[in-house]
Amino acid sequence: GGMEKIKQHTFALAHYTYTVLSTLKYANGAPVVRIYSDTDYSNPDVQGPIINFNVLDENGEVIGFSQVDKMASLYNIHVRTGCFCNTGACQMHLGISNEDIQRNLQAGHVCGDDIDLVDGRPTGSVRISFGYMSSFEDAQTFLKFIIATRLSKSDTEIPFQSSVTKLTTESVPDDHPSFNNTDELSPIPHISDRELKNNSSATKMTVNWQPQEAEVESIRAAVSETAVPTCRRSGKPITITSIYLYPIKSCSAFEVTEWPVGNQGLVYDRNWMVVNQNGVCMTQKQEPRLCLVNPSIDLKKKVMVIQAEGMDPISLSLEENTGKEAVVCESKVCSHRVKTYDCGERIAGWFSLFLGRPCRLIRQSSYKKNRSQQENPKGLTSATNISLSFVNEAQYLLINVASILQLKEHISARLEEPLEIEELIQRFRANIVISAPESFEEEEWAEISIGTLRFQVVGPCSRCQIICIDQQSGERNKEFLQSLSAARGRKTNFGIYLMNQPLHSSFPGILSVGSQVLPVLKENTEIQPPSPDEEKCSG
């Protein structure tokens, strides 16, 4: 039908979605979204088929765009976030001054990052776009996503059967030349309460996503509390309970009791990764079955053995072979170019057979350091000679068993089934698991020492949809990320990133289970191990 028909179709989608979004309200009457627009979506000649907005909570506070993006991905919805290469419009609609821009930069915010709120104010927004291939079902899927993740069951009793959602061609002005023929425009379906309740995937999220107010308060009080305990100096010692490395990025963990530390973190941690035929890194987001691949490393024999159910084990030498060295561009390891070499046809055939698609195994080359200090995504500056493997953010990821236990109770309640702590530990894919007296106290640390090793805390780990994947079966359950977000007050942070601090010591760098962890608070107040005579901290 040409561009005119495309304009009619896409504008009708945008108008429909805009109108419904504008009516969504919490039980207290507060709007669910704040839409940024110079028009009222009444004229396709001046308004394109996009909607720019931020999601609000029931108190009118903005929910960061990175949080919305992560939740949307659980529903297979792709949104664009940030300032969309249009800083001027961003400043105008969000009320950001030039001084605010400077403060945001000083806070570490750069284009494309996840810093969506600075001092509670948004640094960007969310945008959805419609194209010729978009359907009204797509628009309804998006609206159901907003409803399911923001509104409780009582809130969803919105007059969806009102004239707002029973949109037809009458929604467009009759006098507009492009819309004066109703036969040229497809009728627009509407979403009714009955349809929402009959949609099993939408119903579960609608009922369970937003807990009742009393539950919200108990969750936030129990889980989100991150205040530093006042009696830490006399508390229980903090020890390492588990150590994991992930030789192949996004594949199963390899648990060890002690392991050498190198200049990139645990030796051989994420030294290999699986790429598709275009050289792009494959993760569990695209291929959940990667979690079923079990690599193990024998340091004495200098081999890595790779196993998976239904496949013969295959081994790979730990010795480097750079004869087939190649550059893999934009491998999507933090969008950096990485120097790698291919591990050969035999390994490629094994992975291709197991995953059912053409892929290859590549290894990071030690020929040239990859992603050094100058490119460190977290802005770490005090450590020197920093080098990263195929990790996303930092050399190590640490989680606390006490924090896991707090979260476990609430996720179990929302799932209405028991949940083993080991399953949660596997989902969070940490390198170092510790047992600390207080939940989430790790978020108050600036540095930690473990034996002769010192680590700088780089920042919190903002979780993505990979925690929704059962690491034993590869099955997804989006309730995990949604529960984490609800429990932690709209954020999905869990665990902290660490980087090596250089030590002038002749002792070998070894991490061992049972080793004591000595943290230093952000206020530089060192936590001392308790003496036998000191009383234990109550609670």
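The opening residue of the sequence shown carries number 947 in this note's numbering; numbering runs sequentially from there. Here a beta-carbon is modelled for each residue, glycine too, at the ideal position from N, C-alpha and C. Computed from a predicted model, the values in this text were never measured in an experiment.
Just curious, the alpha helix (DSSP H) that E1368 is in, first and last residue?
That run of the alpha helix (DSSP H) goes 1367-1374.
Beta-carbon proximity list for A1376, same chain, < 7 Å, skipping 5 on both sides:
Non-local beta-carbon contacts of A1376 in its own chain, meaning distances under 7 Å to residues more than five positions away in sequence, involve Y1190, L1343, L1344, I1345, G1441 in chain order.
Drop a sphere of 10 angstroms on the beta-carbon of H955, count the other beta-carbons inside from all chains shown, and report buried for 16 or more, exposed for fewer.
H955 comes out buried.
Taking the C-alpha atoms as reference points, what is the distance between Q1052 and H1356?
Rounded to whole angstroms, Q1052 and H1356 show a C-alpha spacing of 36 Å.
With H, G and I counted as helix, E and B as strand and the rest as coil, what does DSSP make of E1425?
Helix at E1425.
Give a yes or no on whether 8 Å exceeds the smallest Cβ distance from W1205 to chain B.
Included in the structure is just one protein chain, with no chain B present.
Taking DSSP's pairing of strands, which residues face F999 in a bridge?
DSSP lists I981, V1072 as partners of F999.
For V1174, I'd like the list of residues in its chain whose CB is within less than 6 Å of its CB, leaving aside the five on either flank, ordered along the chain.
Low per-residue confidence applies at V1174: pLDDT is 37, beneath 50, and the placement is therefore not dependable, though the value from the model is reported in the following sentence. So the list reads E1390, once near-sequence residues are dropped.
CB contact flag (I1396, I1194, <8 Å)
Cβ distance not < 8 Å, so I1396 and I1194 don't count as in contact.
Close beta carbons around G948, own chain, < 8 Å, minus the five adjacent residues each side
None.
Alpha helix (DSSP H) segment containing G1034, residue limits:
For G1034, the enclosing alpha helix (DSSP H) has its first and last residue at 1033-1040.
When you compare the segment 949-968 with the segment 977-990, are there three or more beta-carbon pairs, one atom per stretch, that lie closer than 8 Å?
Inter-segment contact for the segment 949-968 and the segment 977-990 is present: three or more beta-carbon pairs are separated by less than 8 Å.
To which residues of the same chain is S1381 closer than 6 Å at the C-beta, ignoring the five residues directly before and after it?
Within the same chain, S1381 has close Cβ partners T1185, T1187, V1347.
Closest by C-alpha distance to V1220, when choosing among T1286, E1362, V1207, H1039:
By alpha-carbon distance to V1220, the top candidate from T1286, E1362, V1207, H1039 is T1286.
In whole angstroms, give me the CA-to-CA distance for A1359 and Q1352.
Rounded to whole angstroms, the gap between the alpha carbons of A1359 and Q1352 is 12 Å.
D1416 to N1005 span [Cα, whole Å]:
Their Cα atoms are separated by approximately 34 Å.
Taking only runs of the beta strand (DSSP E) that begin and end inside the segment 1216-1250, which ones reach a length of at least 3 residues, in chain order?
Correct list: 1218-1222, 1240-1244.
Is the segment 1424-1437 touching the segment 1008-1023, taking contact as three or more C-beta pairs under 8 Å?
Contact between the segment 1424-1437 and the segment 1008-1023 is present: three or more C-beta pairs spanning the two stretches fall below 8 Å.
Boundaries of the alpha helix (DSSP H) in which V1056 is found, first to last residue:
Taken as a continuous stretch (DSSP letters only), V1056 belongs to no alpha helix (DSSP H), as it is neither H nor E.
Answer yes or no: do Q1402 and M1445 have a C-beta to C-beta separation smaller than 8 Å?
Yes, the Cβ-Cβ distance between Q1402 and M1445 is below 8 Å.
Given this structure, state the Cα-to-Cα distance separating P1406 from Y1443, to the nearest angstrom.
Separation of P1406 and Y1443 (C-alpha to C-alpha, rounded to the nearest whole angstrom) is 6 Å.
Tell me the DSSP secondary structure of E1393 in three-state form.
In the structure shown, the three-state DSSP call for E1393 is strand.
Less than 8 Å between the C-beta atoms of S1198 and T1229, yes or no?
It is not a contact, given that the beta carbons lie outside the stated cut-off.
By how many angstroms is the C-alpha of I1293 removed from the C-alpha of F1300?
Approximately 11 Å between the Cα atoms of the pair.
Which residues mark the beginning and the end of the beta strand (DSSP E) in which Y1192 is found?
Looking at the DSSP string, Y1192 is not in any beta strand (DSSP E), and its letter there is neither H nor E.
Assuming the contact rule is C-beta atoms closer than 8 Å, T1203 and S1458 should be a hit. Round their C-beta distance to whole Å, please.
In this structure, T1203 and S1458 form a Cβ contact; the two beta carbons are roughly 7 Å apart against a cut-off of 8 Å.
Within its chain, find whatever has a CB closer than 6 Å to the CB of K1493; leave out the 5 residues flanking it on each side and keep chain order.
Nothing can be reported for residue 1493, as the shown portion of the chain is limited to 947 through 1485.
N904: which of P1364, V1251, E1201, R1306 sits nearest, CA to CA?
For residue 904 there is no data in the structure shown, the boundaries of the chain being 947 and 1485.
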